[in-house]
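Worksheet for the structure shown next.
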Amino acid sequence: MAVPVIPGRSRTPRRAGRLLLLAPLLLPLAVGCGNTGGLVPAGPTPTASGPVHLWPERKGAAVPPADPGGAPPQYVPGFPPVADQDVHGVDPVALVQAELRAYPDTAVGPDGMYPETAAAVLACGKEGSDPAKCPVLAPYYRDLTGNGKDELVIGIEFPDRMMSVRVYTADPDGRLNRIMATTETVVAVELAGQDVILRVPSGNPGYELITAWSWDAKQRSMLPTREQIVRIPAKPPASSSPQGPSPSPSSGAGGR
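See below:
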């Protein structure tokens, strides 16, 4: 057994080895008495407190149970299936056009679209049309469902900075299933992990509302799972126009 050494003391002679067997029992006492290298009290520990239920006598609102069957897939009608669940070859303009033909003159809901926006979408790709005026933006790809296959993320520009964000996945038979569709006045759209993040004005000056849409395997769709109101960092004041170099001192009586 190794002979313990108490800090600040010299090594004990060998003849006292039997007495040293008691040293480990005495060490906690020794360090508690303020010896060199001992423990120092950190002060009183705050008492942990859990959430407090306010107005426990009040009867709360009832939450209806979730449908155990989940939401049925919303397949895009009239669109050909894709091979190997690969959405990278899907033409996003043709996909949105297929939805417009399936749900014509729809102004509200996930398929709702302004008439002028619908007309511009249907004109995309036609001879003589201006590609810059097509409201369907370049697509993005990300595995949002966790099945190892990328989903297709499409944005459609609406008037007044509004935007429709739609997400599509392909089932094992290659049919395209729309798992997200929302229209917001969008500040920015981001992809973070398996979430689609929408940043929209909160209604309070200087703040944004951030909503994370996540895949729900039970409902088989993307749902808004987290919301947060954040303060927008203040922009630094605009700097004044840079001035020219200072004139060199004159070579008068004080010059060298």
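Be aware that the sequence shown starts at 1239, since it is given in the working numbering, and climbs by one per residue.
Think of the CB as a built atom: it goes at the ideal place given N, C-alpha and C, for glycine as much as any other residue.
- Taking the CA atoms as reference points, A1419 sits about 11 Å from I1394.
- Taking P1373 as reference, the option from L1382, E1389, D1398 with the minimal CA-CA separation is D1398.
- Taking one beta carbon from each stretch, the region 1426–1442 and the region 1377–1393 have 3 or more pairs nearer than 8 Å; the two touch.
- CA-CA distance, R1404 to P1462, rounds to 13 Å.
- Residue pairing of N1415 in beta bridges, as defined by DSSP: Y1313, T1407.
- In the structure shown, A1340 adopts helical secondary structure according to DSSP, grouped into three states.
- Counting C-beta pairs with one atom in each stretch, the region 1282–1302 and the region 1317–1333 have fewer than three that are closer than 8 Å, which means they do not touch.
- The three-state secondary structure of E1395, taken from DSSP, is strand.
- Rounded to whole angstroms, the separation of the alpha carbons of P1439 and E1446 is 5 Å.
- Annotation: the continuous alpha helix (DSSP H) that includes P1353 extends over 1353–1361.
- In this model, A1332 and P1289 are separated by some 52 Å (Cα to Cα).
- In this structure, R1469 is the residue among R1469, D1433, V1424 with its C-alpha nearest to the C-alpha of N1442.
- Per DSSP, R1296 has no beta-bridge partner at all.
- Comparing alpha-carbon positions, the option among F1317, A1358, W1453, A1455 lying closest to R1413 turns out to be F1317.
- Annotated as proximal: V1359 and L1338, with beta-carbon spacing under 8 Å.
- When the beta-carbon positions are compared, L1382 and W1293 stay at least 8 Å from each other.
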